[in-house]
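In this text, residue positions in the sequence shown follow the working numbering: the first is 123, and each later residue adds one. From the three backbone atoms N, C-alpha and C, an ideal C-beta is built for every residue, glycine too. The structure under discussion appears below in the form of C-alpha cells.
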Amino acid sequence: MQNTITNNDNFLKNKINLFEFDYVKMKDFFSSIGEQSFRADQIMKWIYHRYCIKFENMTNFKKSLQKKLSLIACIIPPKFIKEQKSLDGTIKWSVSIGNQLVETIYIPEKNRSTLCISSQIGCALNCKFCFTGKQGFNRNLFVSEIIGQVWKACYFIIKNPILCLKPITNIVLMGMGEPLLNFKNVVSAIKIMIHPMGFGFSKNKITLSTSGIPIAIDKLIQEVDINLAISLHASNNKVRSKIMPINKKYNIQEILSSSSKYLKKSHTNKNGITIEYVMLNNVNDSIKNAQELVQILSSSKNKINLIPWNYFYGSEYSSSSPEKIKKFADYLSSKNFIVTIRKNRGKDIGAACGQLKGLINNRKKIK
Numbered sequence: 123m124q125n126t127i128t129n130n131d132n133f134l135k136n137k138i139n140l141f142e143f144d145y146v147k148m149k150d151f152f153s154s155i156g157e158q159s160f161r162a163d164q165i166m167k168w169i170y171h172r173y174c175i176k177f178e179n180m181t182n183f184k185k186s187l188q189k190k191l192s193l194i195a196c197i198i199p200p201k202f203i204k205e206q207k208s209l210d211g212t213i214k215w216s217v218s219i220g221n222q223l224v225e226t227i228y229i230p231e232k233n234r235s236t237l238c239i240s241s242q243i244g245c246a247l248n249c250k251f252c253f254t255g256k257q258g259f260n261r262n263l264f265v266s267e268i269i270g271q272v273w274k275a276c277y278f279i280i281k282n283p284i285l286c287l288k289p290i291t292n293i294v295l296m297g298m299g300e301p302l303l304n305f306k307n308v309v310s311a312i313k314i315m316i317h318p319m320g321f322g323f324s325k326n327k328i329t330l331s332t333s334g335i336p337i338a339i340d341k342l343i344q345e346v347d348i349n350l351a352i353s354l355h356a357s358n359n360k361v362r363s364k365i366m367p368i369n370k371k372y373n374i375q376e377i378l379s380s381s382s383k384y385l386k387k388s389h390t391n392k393n394g395i396t397i398e399y400v401m402l403n404n405v406n407d408s409i410k411n412a413q414e415l416v417q418i419l420s421s422s423k424n425k426i427n428l429i430p431w432n433y434f435y436g437s438e439y440s441s442s443s444p445e446k447i448k449k450f451a452d453y454l455s456s457k458n459f460i461v462t463i464r465k466n467r468g469k470d471i472g473a474a475c476g477q478l479k480g481l482i483n484n485r486k487k488i489k
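The following block contains the structure:
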C-alpha cells in the first residue's frame with residue numbers, strides 16, 4: 123500500500139490515513155496486511171456510523187489488530203479552526219489543510235440541510251466573477267480532506283445537540299475548486315458518501331457542479347451516477363470565453379454534448395441536468411441572452427438555476443436587478459423550462475456562491 127501523507131503532525135507522515143479509502147480500497151488494505159476483508163465492513167461502521175476514530179475503542183478488534191493498525195495507520199479528519207454563522211442560519215467553517223484553508227458551508231432549510239464542500243485549495247480556472255479564482259490554484263485535496271469535511275460536519279452536529287442543527291441530508295460539491303480536475307479523489311470520496319458502509323447517502327442527494335470538462339464528464343458516469351450541475355453562465359461562446367477562460371478549451375457545444383450523454387445513461391438526473399447561470403448586469407442578462415439560452419438548451423432536458431451574482435471586493439461586476447432576473451426567468455419559463463432563482467444564503471459571512479476564499483486569519487479551533 124502506498125502511504126498517504128496526512129495534513130497533521132509530522133509523526134503521522136508515514137501512516138496511512140484510512141479516510142483515504144473507499145469500501146473496495148479498504149478491503150484491499152486489510153488483505154494487504156494479512157487480515158480478512160470483512161474487517162473493512164467493521165472499521166467503516168466504526169468510522170462513518172459511530173464516528174469512532176480511535177483503534178483502541180473498536181471493541182470487535184483484537185488487541186493485536188488494534189496495535190498493528192496503530193503502527194501503520196491513522197484516522198485523522200481535517201480540522202475546523204474557525205466558524206462563522208450567518209443571520210439566515212448558514213454556517214461557514216474554515217478548514218485547516220496544512221498551512222492553507224478551504225471552506226465548508228452548512229445550509230439549513232425547512233425540509234433539508236445541505237453541506238457544500240471543497241475539492242481543491244484554490245482553483246485554476248480563474249472565472250472572472252468568482253472570488254475563489256482570484257486565489258489561484260495550490261493543490262488538489264486528498265480523499266481524506268474531501269470526505270473529512272463531511273465527517274467533521276456530521277460529527278459536529280451530533281456532538282452539539284444543544285445547537286439544534288438539522289442532520290445533513292444533501293451534499294453538493296460546489297465549494298472551492300473544480301471537482302472534475304481532481305477526478306480520482308472526488309470519485310473515491312463520493313463512493314464513501316453513498317456506500318452503505320460509508321455515510322449511506324442516496325445518490326439522488328449528491329450533486330457535483332462543474333465548469334465543464336467533457337472528457338471527465340464522460341468518465342464520471344462510468345464511476346458514479348449522481349446529480350450533475352453545469353456552470354454554464356453564458357448563452358454564447360464569446361461571452362463565456364470572456365468570463366470563463368476554460369471555454370477557450372472546452373466550448374459550450376462540447377460541454378452540452380457530454381452532459382447530454384451523461385443524462386442518457388443516468389438514473390439519477392430524472393428531471394434533467396441543472397444548468398447554473400450567474401446573473402451579471404449587462405453581461406449575460408438580456409432577453410437576447412435568454413433567447414440564445416433557449417436555443418442551445420432545446421435539444422436536451424435541463425433545469426435552469428439562475429444565480430444572483432454575489433459581490434466580492436475588487437470585482438468589476440455587479441448583479442442583475444431582481445426585476446431583470448425575474449424577467450429573464452419568466453421568459454425561460456414561457457418556453458417550458460423548469461427555472462429556479464437561487465436564494466442568497468450566507469452572503470453576510472462570505473459564504474454565498476462565488477464568495478469562497480481560504481483566508482488565514484482569526485484562527486479559533488472548533489471542537
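- By the C-beta criterion, the stretch 398 to 417 is judged to be in contact with the stretch 360 to 368, since at least 3 inter-stretch pairs fall below 8 angstroms.
- DSSP, read as helix, strand or coil, puts serine 357 in coil.
- Going by DSSP, valine 416 is part of the alpha helix (DSSP H) stretching over 409 to 419.
- Put simply, the stretch 306 to 319 touches the stretch 335 to 352. At least three CB pairs are less than 8 angstroms apart.
- Between the alpha carbons of glycine 320 and cysteine 238 lies a gap of roughly 18 angstroms.
- Shown here, cysteine 276 sits in a helix according to DSSP, grouped into three states.
- Secondary structure of glutamate 445 (DSSP, three-state): helix.
- For the 8 angstroms CB-CB criterion, glutamine 206 and serine 240 do not form a contact.
- Distance check between leucine 419 and each of Ser381, Glu300 and Leu193 places Ser381 closest, using alpha-carbon atoms only.
- The beta carbon of alanine 162 sits closer than 6 angstroms to the beta carbons of Met148, Lys149 and Phe152 from its chain, once the five residues preceding and following it are set aside; these are given in chain order.
- DSSP places tyrosine 384 in the uninterrupted alpha helix (DSSP H) bounded by 374 to 387.
- With at least 16 other beta carbons inside 10 angstroms of its own, serine 353 counts as buried.
- Between the alpha carbons of isoleucine 447 and isoleucine 227 lies a gap of roughly 25 angstroms.
- Secondary structure note for valine 400: its beta strand (DSSP E) is the uninterrupted segment 395 to 401.
- By the neighbour-count criterion, in which 16 or more other beta carbons inside 10 Å mark a residue as buried, glutamine 344 falls on the exposed side.
- Of the residues Asn262, Ile316 and Leu295, the one whose Cα lies closest to the Cα of leucine 303 is Asn262.
- Taking the CA atoms as reference points, proline 200 sits about 15 angstroms from tyrosine 170.
- For the beta strand (DSSP E) assignment, the uninterrupted runs of no fewer than 3 residues enclosed by the stretch 223 to 292 are, from N- to C-terminal side, 235 to 238, 242 to 244 and 259 to 262.
- DSSP assignment within the stretch 180 to 211 yields the following whole beta strand (DSSP E) runs of 3 residues or more, N-terminal first: 201 to 207.
- For isoleucine 219, the enclosing beta strand (DSSP E) starts and ends at 213 to 219.
- For lysine 313, the enclosing alpha helix (DSSP H) covers residues 305 to 316.
- Beta-bridge pairing by DSSP links lysine 425 to Thr396 and Ile460.
- Contact check for methionine 180 against isoleucine 198 fails: the beta carbons are separated by 8 angstroms or more.
- Rounded to the nearest whole angstrom, the C-alpha separation of glutamine 417 and serine 357 is 9 angstroms.
- Less than 8 angstroms divides the Cβ of asparagine 427 from the Cβ of isoleucine 397.
- If you ignore the 5 residues before and after lysine 250, its C-beta comes within less than 7 angstroms of the C-beta of Ile365, all in its own chain and listed in chain order.
- The Cβ atoms of isoleucine 374 and methionine 401 do not sit closer than 8 angstroms to each other.
- DSSP places serine 331 in the strand class (E or B) of the three-state scheme.
- Within the same chain, Tyr145 come within 6 angstroms of histidine 317 by CB-CB distance, once the 5 residues on both sides are set aside.
- A check of alpha carbon separations from asparagine 424 across Trp431, Asn393 and Phe434 identifies Asn393 as the nearest.
- Contact between the stretch 432 to 445 and the stretch 180 to 189 is absent, with fewer than three C-beta pairs closer than 8 angstroms.
- Taken through DSSP and simplified to helix, strand or coil, isoleucine 348 comes out as coil.
- Restricting attention to Tyr277, Ile335, Asn411 and Ser192, the CA atom closest to the CA of cysteine 174 is found in Tyr277.
- If you draw a 10 Å sphere on the C-beta of leucine 140, you find 16 or more other C-beta atoms in it, and that means buried.
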